[in-house]
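First up is the structure itself, then whatever we jot down about it.
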Amino acid sequence: MKKFSAILIAVIMLCGVCALAACSPNDGSARTGYKIQAVYDEEKGVLSATERVDYCNKTDNEVGELKFNLYGSAFSENAKIKPVSESYFARAYYGGASYGGMEITSVSGCESWQTAGEDGNVLSVVLSSPVYPGERATVEISYELTLARVNHRTGITDAGTINLGNFYPVLCAYSAQGFVESPYYSCGDPFLSECADYEVELDLPEGMKVASSGTQLSENSDGGRVKTQHVLTNARDFAVVLSRNFKVAEGKAAGADVRYYYVSDADPEGSVKAAEESLEYFAGEFGSYQYPTLSVVETGFCYGGMEYPALTMIARGQESGERAYTIVHENAHQWWYAMVGSDQLNAAWQDEGLAEYSSLMFFENNPDYGFTRTGLIGSATRAYRAFFSVSKQLKDEVDTSMNRNLSQYTSEFEYSNITYNKGMLLFETLRNSVGDEKFAACLKKYFDANKGLIASPESLISVFVKSGADVEGVFGAFLDGKIII
């Protein structure tokens with residue numbers, strides 16, 4: 001097994017309320033801002049960075065303590081909660097177990113700080129002065145991130161790419177109970193964050209190409225290094241993929257520049273076509289795509305794909321039909337995750353089920369891809385019934401409820417059937433109940449009402465109920481696990 005030395009993350013934090021513009025809860029343009037300056041050492045596999053966070057208190061409460069999710073800590077050797085399950089271990093760790101992680105070494109300018117959380121995955125900082133509603137505080141962090149050799153969201157992959165998803169300390173989303181801490185569970189997407197504005201500067205070895213969530217403003221070479229600048233506004237998070245091996249195919253759709261970064265795709269034109277056509281379809285069906293760019297990136301990844309605002313990771317090595325399906329599904333997440341957020345920790349069906357059904361809608365209207373509504377519903381039904389049958393043989397009671405925390409899923413098999421397959425069947429049942437026209441209208445209203453927000457399950461349900469549709473029983477039966485499929 002190849003073992004990396006423990007990560008050193010040096011963090012210098014200057015905390016305090018700044019005399020900056022107010023950020024009223026009613027001001028949609030006032031958001032928290034991140035300014036990240038990062039230097040990548042290719043030989044060591046280390047990203048050294050400073051991160052300035054201009055926190056905007058849009059809550060109704062005074063905030064005296066900020067909490068940041070440290071997702072990189074999950075890849076450390078001593079992590080109790082592992083980001084990769086045993087069933088995916090060999091696929092992810094292509095060279096044997098490898099370690100990375102996050103370790104906070106210093107926080108200055110604050111009353112106190114500590115690494116906390118269920119698995120040491122949270123940085124808790126007590127501010128020198130409380131931040132009242134409509135006020136701001138600035139936090140500046142310097143850190144180093146060492147990457148594991150792993151085909152995952154964050155790591156050095158076997159495709160010659162460097163995945164930098166969730167690569168920085170990110171402010172925990174705020175709820176009625178306070179900041180929401182999130183361990184890195186292997187099932188699902190354990191991420192919950194609010195929209196913010198990003199400025200990212202990268203200092204890289206010359207020859208490396210950058211696929212990023214943001215618009216690239218500049219690129220300058222100097223002394224064997226290349227420096228790039230990127231911006232992205234009103235985004236739930238920011239991701240980057242680096243490689244010396246990228247080839248790039250370009251297109252345009254829904255007013256955005258589409259770039260496909262690939263390493264071994266034999267049909268890049270077909271992949272760009274799937275990205276363009278699905279982006280156009282979803283923009284017309286649900287509402288405008290709000291970002292100026294979309295990066296679709298073929299990379300080393302142990303699952304099929306992964307969504308980030310204005311960037312999707314697509315696993316290398318998929319067959320053409322599977323790859324097209326993955327591109328379409330991940331593009332659907334630009335609407336149901338990036339622009340309209342939801343609680344992926346406790347109601348994963350809300351974005352995954354809707355992204356799956358949105359994919360069905362696209363393929364139903366684009367038959368050349370070879371997928372049909374009947375075929376996709378049939379596949380989901382058979383898969384779900386097989387899951388239920390196997391689970392019933394193993395235990396007397398099978399929990400098929402859909403509103404549950406990611407920690408309650410026992411395997412990816414259970415998670416995918418409850419969130420993806422049962423989620424798709426929920427939306428098919430809704431569509432059959434209300435009719436095509438009303439179903440499409442409800443999804444548009446849901447999108448319009450929740451852009452830039454974290455939408456609750458109730459906000460989705462209420463759109464259908466307010467339309468006059470008698471569907472509360474449908475939602476209840478599916479979510480509570482009472483429906484028989």
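Quick note on numbering: the numbering used here labels position 42 of the sequence shown as 42, and the sequence is numbered without any gaps. Note that CB positions come from ideal geometry on N, CA and C, so glycine has one too.
Starting from the C-beta of residue i, find all residues in its chain whose C-beta is less than 7 Å away, skip the five residues before and the five after it, and write them out in chain order.
i    : result
E206 : S221, G224, R225, V226
V471 : L430, S433, V434, F464, V465
S124 : E65, K67, W113, Q114, A116
S407 : Y185
Y308 : G165, S213, D237, A239
D265 : S271, E298
N417 : A383, Y384, F387
K445 : V463
Would you kindly report the start and end of the unbroken beta strand (DSSP E) that includes residue i?
i    : result
G33  : 32-41
A49  : 46-56
M424 : M424 -> not in any beta strand (DSSP E); alpha helix (DSSP H) instead, spanning 422-434.
I156 : 154-156
T215 : 215-222
M361 : Careful: M361 lies outside any beta strand (DSSP E), inside the alpha helix (DSSP H) at 349-365.
V463 : Here V463 belongs to no beta strand (DSSP E); instead the alpha helix (DSSP H) covers 457-466.
F68  : 63-69
Here's the rule: buried if 16 or more other CB atoms are within 10 angstroms of the residue's CB, otherwise exposed. What is residue i?
i    : result
T372 : exposed
G370 : exposed
E523 : Limits of the chain in this structure are 1 at one end and 485 at the other, which puts residue 523 out of reach.
G341 : buried
K395 : exposed
I104 : buried
V200 : buried
P367 : exposed
N57  : buried
Just the Cα atoms here: how many angstroms apart are residue i and residue j?
i    : j    : result
S29  : F363 : 35 Å
V258 : P292 : 9 Å
R236 : M208 : 26 Å
T138 : T228 : 24 Å
S85  : A79  : 13 Å
V122 : D267 : 42 Å
A148 : N346 : 28 Å
G255 : V328 : 17 Å
G375 : A249 : 31 Å
F388 : S459 : 29 Å
Q393 : A386 : 11 Å
A383 : F413 : 10 Å
Q350 : D119 : 26 Å
D60  : F179 : 13 Å
G72  : E277 : 34 Å
Y40  : S243 : 12 Å
C302 : I483 : 32 Å
At a cut-off of 7 Å, is residue i close to the ligand NAP when judged by its beta-carbon and the heavy atoms of the ligand?
i   : result
K35 : With respect to the ligand NAP, the structure offers nothing, as it holds no ligand at all.
Who are the near neighbours of residue i in its chain, counting only those whose CB is closer than 6 Å to its CB and skipping five residues on each side?
i   : result
Y93 : V150
Could you pull the start and end residues of the alpha helix (DSSP H) that residue i belongs to?
i    : result
K247 : Looking at the DSSP string, K247 is not in any alpha helix (DSSP H); the run it does join, the beta strand (DSSP E), is 247-253.
Q114 : Not the alpha helix (DSSP H): Q114 falls in the beta strand (DSSP E), residues 112-116.
N331 : 320-332
Pull up the CB-CB distance for residue i and residue j, whole angstroms please, since I reckon it's below 8 Å.
i    : j    : result
I81  : A74  : 7 Å
Y168 : A49  : 7 Å
Y409 : G109 : Not quite, the Cβ-Cβ distance comes to about 40 Å (not below 8 Å), so this is no contact.
T32  : A196 : 4 Å
L47  : E144 : 7 Å
Closer than 8 Å by C-beta to residue i: which residues in its own chain qualify, once you throw out the five before and the five after it? Chain order, please.
i    : result
I486 : Missing from the structure shown is residue 486; the chain here goes from 1 to 485 and no further.
S5   : Its pLDDT being 35, under 50, S5 is placed unreliably by the model, and the measurement read from it follows with that caveat. If we look at S5 and ignore the five residues flanking it on each side, its Cβ neighbours are T146.
A440 : E285
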